[in-house]
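Accompanying notes for the structure given below.
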Amino acid sequence: MADKIHKPRPISGFPEWLPEIRAVEMQWLDKIRAVFESYGYGSIETPSVEEIDVLLAKGETDKEIYTINRLQAEESDDSEARLALHFDLTVPFARYTAQHFNNLTFPFKRYQVQKSWRGERPQKGRFREFTQCDIDVINVDNLPLHFDAELPAVMFEAYQALDIPPVELRLSNRKIVQGYLQGLGVEDITTVTRTLDKLDKIRADGVINALSELGLDETLAKKCLAIAEIKTDDDSFADKLSSLGVSSPLMEEGIAELKFVMQNLAHLPKGSIKADLGIIRGFDYYTGTILEAYLKDMPKIGAIGSGGRYDDLAGSFINQKLPGIGVSLGLTRLFAVLLEAGHITPAAKAPTQVLVILPDESRRAEAAATARTLRTRGYNVELFHSDAKVKKQLSYAEKKGIPFVWFPPFKDGQAHEVKDMTQGEQLKADPENW
RNA sequence: GCGGUCGUAGCUCAGUGGUAGAGCGCCGCGUUGUGGUCGCGGAUGUCGCGGGUUCAAACCCCGUCGAUCGCCCCA
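Numbering that gives the first Met the number 0 numbers the first residue of the first sequence as 0 and each following residue consecutively.
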């Protein structure tokens, strides 16, 4: 034993799982990727770091990004101080698209499953290191509207593949809220929408109070609130909207778009799609369709995915107009929350399907050969690591959840046997054709 | 950055001023080639860290670090 032990502590906001839990997460990742690829999206990976200037080109995220530097760096050496860990995958994607513009085929459809980092204070369902599953399509000059329906559908299908509690997609369109508030004569639209975004949390009264603190009179505040309260299962949101008596060209454009999207998502299970004009989204690069995904039974944990359309995300990287739409599935939040809620059934502690017993050291070569034979036949096989008592070897299989234990011959001429650990029965078997 | 709560065995926690505990887990034994259950035995702690009060501190006080929940913001 060492003189001093550094007692390990969890690092706040940086989750890690036991093998049996990680195995489930890996299955999730496989399923999500399969859904993405089934629509023809291809994978890319970008570096964990980007230049700070790139990250700050869009959005207002200055204080939550982690910058990097070398521990041994000279004080005068700031060659790496310009780098920071990415806080999402959309900005790196935009940079990537601009950088590889000549070699990409448009519309460029890609997915990206990677970690992201945000230096916020962690709390329930909020991490500083988390995995995002992003899927975007980006095109030159303009992007057909039907992608605004395709991406939410892909996202929903990905959730469906995971065997999790019911998910609801809430959709809106930036142009509607923007146009509406402009029509009302609201000046500070960003602050007002940010307040409306809190409707679920602080309720109608809270929103009214917050808005009057911003200097809006009560009538105006109520009108602002009215739009955020519109939630419908189909395109009837438009009727409710028109009854508010405000109109603008921008708003009408948004209404038409959202109607189109809702109609093109009608094939999804009833109750899983909502037009919700209270959906705002924090990032300011969104210009049209916006959406958030929630667990129906656990809305309080926040969105488990989100996304939207942007007119020109890569505009600051290249002199081309590149509109796109993307959605991001917040894997870590979803996984962690469902794990805590007991919805995740742990897998076996190891992928081993067969444990080969080591009768004694003198038979190791023979047992290893048996293990190899079984492996070539496609099984995950472990040879026990020492010639411990059979009792101990079986107990190891039991603890690790290994379903089969293989008994190679203990004496010359003896037959192989295999034991089914769940049934308890043990039969003669041939490693060549078991 | 701000506020609340909590730090005792690997884990979950009990212990409110007088010898450091339980359950689970871990290791061993219950003989010869067979797991789970059961029985018996065993190991493991600077009671987060530093200071103060006291004859005496896991316990009271101050500070600090960490975790956690919430606010801001967000997946």
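We treat Cβ as the ideally placed atom computed from N, Cα and C, and that holds for glycine.
Exposure of residue i, with buried meaning 16 or more beta-carbon neighbours within 10 Å
{"i": "A370", "result": "buried"}
{"i": "N172", "result": "buried"}
{"i": "H266", "result": "exposed"}
{"i": "V417", "result": "buried"}
{"i": "P322", "result": "buried"}
{"i": "Q111", "result": "buried"}
{"i": "Q413", "result": "exposed"}
{"i": "T190", "result": "exposed"}
{"i": "S305", "result": "buried"}
{"i": "Q392", "result": "buried"}
{"i": "T218", "result": "exposed"}
{"i": "R94", "result": "buried"}
{"i": "P407", "result": "buried"}
{"i": "I201", "result": "exposed"}
{"i": "M250", "result": "buried"}
{"i": "F383", "result": "buried"}
{"i": "T194", "result": "buried"}
{"i": "L70", "result": "exposed"}
{"i": "H85", "result": "buried"}
{"i": "F13", "result": "exposed"}
{"i": "K222", "result": "buried"}
{"i": "D29", "result": "exposed"}
{"i": "E117", "result": "Here residue 117 turns out to be Arg, not Glu, going by the sequence shown. Under this definition R117 is a buried residue."}
{"i": "A340", "result": "exposed"}
{"i": "G124", "result": "buried"}
{"i": "D283", "result": "exposed"}
{"i": "R376", "result": "exposed"}
{"i": "D419", "result": "exposed"}
Beta bridge counterpart(s) of residue i as assigned by DSSP
{"i": "E291", "result": "R169 and S305"}
{"i": "T66", "result": "A83"}
{"i": "W16", "result": "DSSP lists no partner for W16."}
{"i": "K418", "result": "V404 and Q425"}
{"i": "V34", "result": "Paired residue(s): none; V34 is not in a bridge."}
{"i": "S115", "result": "F129"}
{"i": "I324", "result": "V136 and R308"}
{"i": "F107", "result": "I137"}
{"i": "E50", "result": "L82"}
{"i": "S42", "result": "Y110"}
Close beta carbons around residue i, own chain, < 7 Å, minus the five adjacent residues each side
{"i": "D429", "result": "H415"}
{"i": "H145", "result": "N263"}
{"i": "I254", "result": "I175, A237 and L240"}
{"i": "P18", "result": "K348 and A349"}
{"i": "L338", "result": "I20"}
{"i": "T286", "result": "R173, R308, Y309 and D310"}
{"i": "L426", "result": "E416 and V417"}
{"i": "A83", "result": "V48, E49, I51, L54, I64, Y65, T66 and I67"}
{"i": "E24", "result": "W16 and F334"}
{"i": "P7", "result": "none"}
Residues near residue i in its chain [Cβ-Cβ closer than 6 Å; skip 5 each side]
{"i": "F409", "result": "P358"}
{"i": "M0", "result": "Confidence is the limiting factor: at M0 the pLDDT is only 39, short of 50, which leaves the residue's position unreliable, though a coordinate-based value still follows. Closer than 6 Å at Cβ, skipping near neighbours: no residue."}
{"i": "D411", "result": "none"}
{"i": "Q131", "result": "L88, S115 and S327"}
{"i": "Y38", "result": "V153"}
{"i": "E119", "result": "E63"}
{"i": "K295", "result": "P165 and E167"}
{"i": "V185", "result": "V191"}
{"i": "L330", "result": "T130 and C132"}
{"i": "L150", "result": "I324 and V326"}
{"i": "W27", "result": "L161"}
{"i": "G277", "result": "L198 and A227"}
The ligand ATP heavy atom lying under 7 Å from the CB of residue i
{"i": "Q26", "result": "Judged by which ligands are present, the structure shown has none, so any question about the ligand ATP falls away."}
Other residues of its chain near residue i: CB distance less than 8 Å, five sequence neighbours each side excluded
{"i": "E256", "result": "L144, D147, N172, K174, G287 and T288"}
{"i": "L213", "result": "D187, T190, V191 and T194"}
{"i": "V245", "result": "Y179, G182, L183 and K222"}
{"i": "R81", "result": "E50, I51 and D52"}
{"i": "S271", "result": "F155, P165, V166, E167 and L168"}
Which ranges does the alpha helix (DSSP H) cover as unbroken runs of at least 4 residues, wholly within the region 169-255, from first to last along the chain?
173-183, 188-195, 198-212, 217-227 and 236-241
Specify whether the region 89-100 and the region 45-56 touch according to this definition: at least 3 beta carbon pairs, one from each stretch, less than 8 Å apart.
yes
Three Cβ pairs or more, each shorter than 8 Å: is that satisfied between the region 287-304 and the region 103-113?
no
Inside the region 255-281 only - beta strand (DSSP E) runs reaching at least 3 residues
272-275
Does the region 26-41 come within contact of the region 151-165, defined as at least 3 CB pairs closer than 8 Å?
yes
Unbroken stretches of the beta strand (DSSP E), 3 residues or longer, contained in the region 347-379:
353-355
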